[in-house]
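Counted from 1, the sequence shown has number 239 at position 45 by our numbering; the numbering is strictly sequential.
All residues carry an ideal CB built from backbone N, CA and C; glycine is no exception.
Working notes, structure below.
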Amino acid sequence: MIAWFRAGILGLACFLGLAAVTPSSAAGYPDHPVRWLIGFPPGGPVDTVARIMSQALSERLGQQFVVENRAGSGGNIATEAAINATPDGYTLLFSGANNAISASLYKKLPFDFIRDTVPVAMFTQVPNLLVVTNALPVKSVQELIDYCKANPGKLSFASAGNGTTLHMSGELFKAMTKCDMLHVPYRGSAAAFPDVISNKVQLIFDNLPTAMAQARSGSVRALGVTSPQRWPTVPDIPAIAETVPGFEASVFYGMSAPKGTPPEIVAILNKAVNEALKDPKLVERFATLGGVPKPITPAEYGKLIADETAKWRKVVEFAGVSVE
195 MIAWFRAGIL GLACFLGLAA VTPSSAAGYP DHPVRWLIGF PPGGPVDTVA
245 RIMSQALSER LGQQFVVENR AGSGGNIATE AAINATPDGY TLLFSGANNA
295 ISASLYKKLP FDFIRDTVPV AMFTQVPNLL VVTNALPVKS VQELIDYCKA
345 NPGKLSFASA GNGTTLHMSG ELFKAMTKCD MLHVPYRGSA AAFPDVISNK
395 VQLIFDNLPT AMAQARSGSV RALGVTSPQR WPTVPDIPAI AETVPGFEAS
445 VFYGMSAPKG TPPEIVAILN KAVNEALKDP KLVERFATLG GVPKPITPAE
495 YGKLIADETA KWRKVVEFAG VSVE
């Protein structure tokens with residue numbers, strides 16, 4: 195009996211000791227600043243969305259959400275750093291379409307994004323816009339497809355670099371239309387547009403705000419958005435899917451955390467994000483970027499990431515592209 199009693203006391207002590215080092219159940223979270231790792235440089239669309247959301251979360255949760263840019267390797271440097279951080283809710287990752295693409299594009303990643311992270315929330319979704327040089331005698335997606343098939347190998351499309359959503363939008367278009375086009379990567383779409391305008395390359399799938407500004411200036415001609423339906427901010431431009439059923443290559447932005455982050459903390463963050471996405475001022479700011487708020491649950495965001503990862507794996511395999 196005494197031995198049993200002693201064993202019980204020892205077991206209780208061990209349990210209490212374990213409880214002392216187990217991550218908090220979120221009482222008082224957050225009680226100090228939160229690091230938010232961004233895999234892209236300052237000034238771009240990812241950074242802009244991150245800073246809009248960091249301000250909103252700081253206001254709602256009473257602690258600073260500090261954006262930390264760790265650019266490089268298609269966002270994988272920031273992803274690896276976040277995955278290796280303590281899963282206590284104080285190091286988070288800005289996640290999105292780049293993570294879904296990288297899973298199959300990069301052959302030697304030291305992590306498995308879906309296995310090693312937990313989905314937290316989604317912020318917004320933004321389509322790309324297909325624009326062509328004015329020198330090309332086409333005014334619709336169908337005319338582009340017809341021209342491409344009548345002139346195999348004579349068209350080229352620009353992108354902001356290998357593995358970007360701009361590049362993969364073009365590869366998906368090639369796969370679904372059987373168009374024979376050459377990919378020409380640039381260091382960012384800003385470097386590509388002069389060559390599109392001058393007809394050195396004939397088309398580009400670029401982020402909606404940038405491409406729309408060029409189209410409205412008359413420098414290029416807009417043919418279609420990559421969302422499954424017409425996009426609310428540019429309802430006069432057809433969706434490519436109206437001509438190519440099932441085509442979709444939208445960019446999505448959200449938040450993920452290291453595997454093991456307490457679900458209570460994930461719930462607090464998801465609630466704060468979804469409340470922020472209802473703020474009319476934030477909705478208006480996203481609209482200027484071509485984005486539409488997407489408040490969803492962590493499970494729904496996780497499903498989106500899984501579905502996008504599977505979709506882009508097929509495109510990567512079809513295109514035969516990879517990055518070591």
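- If you check the CB distance, residue 390 and residue 318 do not come in under 8 Å.
- If you look at residue 425, you'll find it isn't in any alpha helix (DSSP H); DSSP assigns it neither H nor E.
- Separation of residue 315 and residue 500 (C-alpha to C-alpha, rounded to the nearest whole angstrom) is 14 Å.
- Counting along the chain, residue 462 sits inside the alpha helix (DSSP H) bounded by residues 457-470.
- The C-beta separation of residue 321 from residue 255 comes to about 30 Å, leaving the pair out of contact by the 8 Å criterion.
- When the beta-carbon positions are compared, residue 350 and residue 396 come within less than 8 Å of each other.
- Straight-line spacing of the CA atoms in residue 379 and residue 515 works out to 12 Å.
- The Cβ-Cβ distance between residue 360 and residue 383 falls below 8 Å.
- Taking the Cα of residue 486 as reference, the smallest distance to any Cα among 294, 448, 388 and 251 is reached at 448.
- Fully enclosed beta strand (DSSP E) runs of no fewer than 3 residues occupy 311-320 and 322-327 of the region 286-338, in order along the chain.
- At a Cβ-Cβ threshold of 8 Å, residue 466 and residue 312 do not count as neighbours.
- DSSP places residue 433 within a strand segment (E or B) once states are collapsed to three.
- For residue 280, the number of other beta carbons within 10 angstroms of its own is below 16, and it is reported as exposed.
- Scanning its chain for C-beta atoms nearer than 6 Å, with the 5 sequence neighbours on each side dropped, one finds around residue 270 the residues 296, in chain order.
- In the three-state reduction of the DSSP assignment, residue 405 falls in the helix class, which pools H, G and I.
- Separation of residue 477 and residue 234 (C-alpha to C-alpha, rounded to the nearest whole angstrom) is 23 Å.
- Under the three-state reduction of DSSP, residue 363 is assigned to helix.
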